[in-house]
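**Q** Taken in order, the sequence shown gives residues 206 to 420; the numbers are from the numbering used here.
Glycine included, each C-beta is placed from N, C-alpha and C at the ideal position.
The structure presented is a predicted model; accordingly, all values stated were derived computationally and were not measured.
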Amino acid sequence: MTKTRILLADDHAVVRHGLRLVLESEPDLQVVAEAGDGAEALERALADDVDLAILDISMPRMTGLHAAAELGRRRPELRVLILSMHDNEQYLFEALKAGASGYVLKSVADRDLVEACRATMRGEPFLYPGALTALIRDHLERARNGEEIRGPWSPRETEIVKLIAEGHTSREIAEKLVISEKTVERHRTNILDKLGMRDRVELTRYAIRRGLIEP
Numbered sequence: 206m207t208k209t210r211i212l213l214a215d216d217h218a219v220v221r222h223g224l225r226l227v228l229e230s231e232p233d234l235q236v237v238a239e240a241g242d243g244a245e246a247l248e249r250a251l252a253d254d255v256d257l258a259i260l261d262i263s264m265p266r267m268t269g270l271h272a273a274a275e276l277g278r279r280r281p282e283l284r285v286l287i288l289s290m291h292d293n294e295q296y297l298f299e300a301l302k303a304g305a306s307g308y309v310l311k312s313v314a315d316r317d318l319v320e321a322c323r324a325t326m327r328g329e330p331f332l333y334p335g336a337l338t339a340l341i342r343d344h345l346e347r348a349r350n351g352e353e354i355r356g357p358w359s360p361r362e363t364e365i366v367k368l369i370a371e372g373h374t375s376r377e378i379a380e381k382l383v384i385s386e387k388t389v390e391r392h393r394t395n396i397l398d399k400l401g402m403r404d405r406v407e408l409t410r411y412a413i414r415r416g417l418i419e420p
């Protein structure tokens, strides 16, 4: 099995240690380097033994966003994930603008980080549920205002869209609709697809169109 070689950058050693344990419990993930600030992370991530850099959004000397943007310019083939305490779609868009493949909330990193790593290495964006909720609310508002939108969604997808817009998690949606979480995730992927946001390029274009980030 080919292992994904990871750089883990956070200015708190305790956080790094905890995340390292989560990652290294998986057979396909290996932490090969750590960094305590953004400048150190940038320097270390330029080495060719790193496949994926996981960067805390706010670090001394250089933010994770700044480091991600520099890495995108100097080593574009490297995959980058941003770690953040902020459940805020604005930060997600800033991370995408900086070239990150995804955005993981620290509060649920023990649950989401492994899947985010794997999605990123497959070339897929990783969206935390709150970001999708915000996107869908914005989408539904445009529909109400008569703007042309993509679709149509199936009746089941429409149910799931409504529940996501109300802020329910995948697990809660699965319980309400008596289906598996995996089925909910598949529907979420289809919903994103119909929003025209299968990848981060489309998501970034959407964000620019909506004025969420500057082009």
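Mind checking who Ala244 pairs with in its DSSP beta bridge?
**A** Locating residue 244 in the sequence shown gives position 39, where the first residue counts as 1. Answer is none; Ala244 lacks a bridge partner.
**Q** Which residue marks the beginning of the beta strand (DSSP E) containing Leu286, and which one marks its end?
**A** As a first step, residue 286 is located in the sequence shown; it is residue number 81 there, counting from the start. Leu286 -> beta strand (DSSP E) spans Arg284 to Ser289.
**Q** Would you kindly work out how many angstroms separate the C-alpha atoms of Met267 and Ala238, rounded to a whole number?
**A** Residue numbering aside, residue 267 sits at position 62 when the sequence shown is read from its first letter. Residue numbering aside, residue 238 sits at position 33 when the sequence shown is read from its first letter. Approximately 18 Å, taken between the alpha carbons.
**Q** Taking the DSSP output, what are the residues bridged to Gln235?
**A** Along the sequence shown, read from residue 1 onward, the residue named residue 235 stands at position 30. Its beta-bridge partners are Arg210.
**Q** Please identify the residue among Ile341, Ala274, Asp261 and Gly304 whose C-alpha is closest to the C-alpha of Leu318.
**A** The residue given as residue 318 occupies position 113 in the sequence shown. Of Ile341, Ala274, Asp261 and Gly304, the residue nearest in Cα terms is Asp261.
**Q** Across which residues does DSSP place Arg259 in a beta bridge pair?
**A** Walking along the sequence shown from the start, residue 259 turns up at place 54. In the sequence as presented, Arg is not what sits at residue 259; that position holds Ile. Ile259 pairs with Leu213 and Leu286.
**Q** Looking only at C-alpha atoms, which of Thr388, Ile259, Ile384 and Thr374 sits nearest to Gly304?
**A** Against the sequence shown, residue 304 aligns to sequence position 99. For Gly304, the nearest C-alpha among the options comes from Ile259.
**Q** How long is the line joining the alpha carbons of Ala370 and Leu224, rounded to whole angstroms?
**A** Translated into the one-based positions of the sequence shown, residue 370 becomes position 165. Translated into the one-based positions of the sequence shown, residue 224 becomes position 19. Using only the alpha carbons, I get a separation of about 30 Å.
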